[in-house]
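First up is the structure itself, then whatever we jot down about it.
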Amino acid sequence: MTTAGRVLVVEDETSLASALADGLRQDGFDVETVHDGMLALDASLNRPFDVIVLDLMLPGLAGLDVCAQIRRAGIDVPVLVLTARRGELDQLRALRIGADDFLSKPFSYRVLVARLHALLRRSGPRRSDVLAAGDLVLDRVSRRCRRDSSVIDLTPREFSLLELLMSRAGQVVSKRLALDEVWDAAMPDDSNVLEVYVAYLRRKIDLPFGRHAIRTVRGSGYSLDPHGG
């Protein structure tokens, strides 16, 4: 099954590393954790990752040195560094060495996830201008949707939600990911806004055509049938 991305979490606080890994897995990421700089460097040089979360205060080899050696080896994986609350100097050094973003501890988990998705979007291959799932087509340039020859009018929020589902067709999109991507990271988990907008979409892209493209995955989120339902 396709994941949201393969993440290396480098954090010597084992409880924090475990909590991050558990959360990221629930949000669809494939996660590996290491707890010291030498293991982080070995993992980065020998296994493919889509993004690295790198604490700077590490035993064995400092996070800044890990980042520097990764870049010297020609590895351009996005790196998000974790710094102390007043670590402005470390942040500047990390960015000069080749880090792509940073968060100061303590940080919001939802903000971390949003930053990871932003890094993955910037580093990934150029996205297609047109998404298709069977005869359901979404044009990102013209901002239009259609089923076969029937044009479907969508509000901007409906369009964004359908775009997220179609860009991950066949995968489960968690409620938290949808709230982060379509609304914002401050939206509470118990908000029912996603359920409301899924119902709106179903009334527009499924019911008039006798289709069932958007499926509820109980306890996990929603999935869009890659064949259009």
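With our numbering as the guide, the letters of the sequence shown map in order to residues 2 to 230. Built from N, CA and C at the ideal position, the CB exists for glycine as well.
Our contact map puts residue i next to residue j with C-beta atoms below 8 angstroms; I'd like the distance itself, whole angstroms only.
i      : j      : result
Val10  : Thr34  : 5 angstroms
Glu89  : Asp56  : Incorrect: roughly 16 angstroms between the Cβ atoms, too far for contact.
Ala63  : Val82  : Incorrect: roughly 11 angstroms between the Cβ atoms, too far for contact.
Val8   : Ala41  : That belief does not hold up - the Cβ atoms of Val8 and Ala41 are roughly 13 angstroms apart, past 8 angstroms.
Leu202 : Leu137 : Actually they are not in contact, since the Cβ atoms of Leu202 and Leu137 sit about 11 angstroms apart, beyond 8 angstroms.
Gly6   : Leu121 : 5 angstroms
Which same chain residues end up closer than 6 angstroms to residue i when comparing Cβ atoms and leaving out the 5 residues on each side of it in sequence?
i      : result
Asp226 : Ala214
Asp140 : Val131
Gln92  : Thr84 and Phe103
Ala69  : Ile98
One question on the structure: do residue i and residue j come within less than 8 angstroms of each other, judged by their Cβ atoms?
i      : j      : result
His228 : Gly75  : no
Thr119 : Asp181 : Rather than Thr, the amino acid found at residue 119 in this sequence is Ala. No.
Arg72  : Gly99  : yes
Arg144 : Tyr198 : no
Hey, out of the options, whose CA is closest to residue i's CA?
i      : options                           : result
Gly38  : Val82, Pro60 and Ser45            : Pro60
Ser109 : Ala187, Ala100 and Leu163         : Ala187
Gly222 : Gly29, Val78 and Thr15            : Gly29
Ser16  : Asp31, Leu195, Leu162 and His36   : His36
Asn47  : Val78, Met58 and Arg122           : Val78
Pro189 : Arg111, Val142, Pro107 and Leu202 : Arg111
Asp31  : Glu14, Val54 and Asp43            : Val54
Met167 : Asp185, Ile206, Glu196 and Asn193 : Ile206
Leu117 : Leu65, Val80, Asp185 and Thr156   : Val80
Within the same chain, show all residues whose beta-carbon is closer than 8 angstroms to that of residue i, passing over the 5 residues directly before and after it, in chain order.
i      : result
Met2   : At Met2, the pLDDT of 45 sits below 50, so the modelled position is not reliable; the number obtained from the coordinates is stated separately. Closer than 8 angstroms at the Cβ level, and outside the excluded window around Met2, lie Gln172.
Lys106 : Leu83, Thr84, Ala85 and Arg86
Gly220 : none
Below 7 angstroms CB to CB, which residues in the same chain sit around residue i once its five sequence neighbours on both sides are set aside?
i      : result
Leu113 : Leu104
Leu165 : Val174, Ala179, Glu182 and Val183
Arg216 : Tyr223, Ser224 and Asp226
Phe50  : Arg7, Val8, Leu9 and Val78
Answer yes if the stretch 198 to 210 comes into contact with the stretch 148 to 166, meaning at least three C-beta pairs across the two stretches below 8 angstroms, and no otherwise. yes
Stretch-stretch touch, CB-based, cutoff 8 angstroms, three pairs: the stretch 22 to 30 with the stretch 167 to 184: yes
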